[in-house]
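Below is one structure, written out as structure tokens; comments come after it.
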Amino acid sequence: MSGIHVYDMIVVGGGPGGYTAALYAARAGLDTLVLEKLSAGGQMALTEQIDNYPGFEDGIDGFTLAEKMQQQAERFGARSEYAQVERMDLSAAPKMLETSEGTFYAKTVVLATGANPRELGLPNEASLTGRGVAYCAADGMRYKGKTVVVVGGGNSAAADAMLLSRVAKKVILVHRRDTLRATKVYHQPLMQAENLEFRWNSTVAELLHEDKLTGVKLKDVNSGEETVIPCDGVFISVGRKPATELVAGQLELDRSGYIIADETTKTNLPGVYAVGDVRTKPLRQVVTAVADGAMAVHMAEEFLAGGQ
Ligand code: NAP
0 MSGIHVYDMI
10 VVGGGPGGYT
20 AALYAARAGL
30 DTLVLEKLSA
40 GGQMALTEQI
50 DNYPGFEDGI
60 DGFTLAEKMQ
70 QQAERFGARS
80 EYAQVERMDL
90 SAAPKMLETS
100 EGTFYAKTVV
110 LATGANPREL
120 GLPNEASLTG
130 RGVAYCAADG
140 MRYKGKTVVV
150 VGGGNSAAAD
160 AMLLSRVAKK
170 VILVHRRDTL
180 RATKVYHQPL
190 MQAENLEFRW
200 NSTVAELLHE
210 DKLTGVKLKD
220 VNSGEETVIP
230 CDGVFISVGR
240 KPATELVAGQ
250 LELDRSGYII
260 ADETTKTNLP
270 GVYAVGDVRT
280 KPLRQVVTAV
290 ADGAMAVHMA
300 EEFLAGGQ
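If you read the sequence shown in numbering that gives the first Met the number 0, its first letter stands for residue 0, the second for the next number, and so on.
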């Protein structure tokens, strides 16, 4: 095709996996573009304190780490474009990506679109978001001295509850089972927090509100008994859903919607790689996302050299 610019690699999504792919690709001399909706970092940018990414002995906030990753990739010539991808043809040659800022073409594509918070699916959940309903404890400072409910039993809920217990007057952790799924490292600090109370075997049946949230109605999953808990905020931390709507029908997805790819990051389409939270994997962390980014470029270089 003449007259169009064909990148060696387009990375969709500027989280840690995406910018690591961009760093490795640019450093290897590949003509590389990152397409990002808003700003670098993805979900990581919303994390107040990251203590398990090596090299930062005092921890680092996710937004700063994201900026550093972007700047590092750009130092080697990767380009960033703020654009919303609207349609992709990943089987075409070159691969085509239609975006809010025009159409882009590439020989290889790295999908690093991540995963977004899962909703509870309650009436008024969407309209109360930002008015008492939140999906990210980074909003926690607004609840200084107030009572908040955290829903979920995984690492996110545990981390959110810990964070909120430092600012809120009282935190009530609501979980649908009688044990946490979160790793052991959280258990003791949670049990020891004086202003934190657990509601086991409970789900949120209703969000109570006037113009903003005023409380939640909990339902005991065993007895069916309902209790009203007045609160100022509810933090929903019940897992993620992968951002794969645009590739459904082109790429193989698992039952939860994650792109099926092993540690090679190869998808079912040649020259298309899935990195970070968007792919099937047992551990979704910054450190595993960045490893994927490096691997995708390794595989893409083989592909560009004529292998698979
Ligand atoms: P997760 O591990 O999938 O946990 C989701 C939690 O929400 C589970 O406890 C689940 O209950 C509960 N849940 C799901 N749907 C629900 C519903 N409709 N109503 C009520 N409860 C519901 O998700 P996550 O905590 O967001 O973590 C996602 C990934 O990020 C994980 O791989 C995690 O390890 C990682 N992460 C790591 C850290 C860290 O290491 N510092 C921090 C945050 C996240 P059940 O237990 O009954 O299934």
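The beta carbon of each residue, even a glycine, is placed where N, CA and C say it ideally should be.
Remember, predicted model here, so these are calculated numbers, not experimental data.
- The residue from 294, 290, 58, 262 with its alpha-carbon nearest to that of residue 279 is 262.
- The set of residues with CB atoms less than 5 Å from any heavy atom of the ligand NAP reads, in chain order, 151, 152, 153, 154, 155, 158, 175, 176, 180, 237, 238, 283.
- With respect to the 9 Å criterion, residue 228 and residue 134 are not classified as neighbours on the basis of their beta carbons.
- Looking at 101, 136, 50, 294, the one whose alpha-carbon comes closest to that of residue 116 is 136.
- In this structure the stretch 66-73 lies against the stretch 8-20, because at least three pairs of beta carbons, one per stretch, are closer than 8 Å.
- Residue 81 sits in a strand when the DSSP states are folded into three classes.
- Here residue 115 carries a strand assignment [DSSP, helix/strand/coil].
- The beta carbon of residue 164 sits closer than 7 Å to those of 170, 192, 194, 195, all from its chain and outside the five residues before and after it, given in chain order.
- Contact annotation: residue 143 and residue 166 have beta-carbon atoms nearer than 9 Å.
- DSSP assignment within the stretch 1-78 yields the following whole alpha helix (DSSP H) runs of 4 residues or more, N-terminal first: 15-26, 61-74.
- Ranked by how close their Cα comes to the Cα of residue 73, the residues 152, 31, 56, 96 have 31 in first place.
- Within the DSSP secondary-structure output, residue 239 pairs in a beta bridge with 116.
- By the beta-carbon neighbour count (other beta carbons within 10 angstroms, threshold 16), residue 56 is exposed.
- Per DSSP, the unbroken beta strand (DSSP E) holding residue 95 starts and ends at 94-98.
- Between residue 89 and residue 246, the C-beta gap is smaller than 9 Å, which places the two residues in contact.
- When DSSP states are grouped into helix, strand and coil, residue 183 belongs to the helix group.
- Using a 10 angstroms sphere on the CB of residue 42, the tally of other CB atoms reaches 16 or more, which defines it as buried.
- Residue environment analysis places residue 211 among the exposed positions, since fewer than 16 neighbouring C-beta atoms fall within 10 angstroms of its C-beta.
- Within the stretch 234-283, the beta strand (DSSP E) runs of at least 3 residues that lie entirely inside it are, in chain order, 239-241, 271-273.
- Under the Cβ criterion (8 Å, minimum of three pairs), the stretch 4-12 counts as touching the stretch 89-107.
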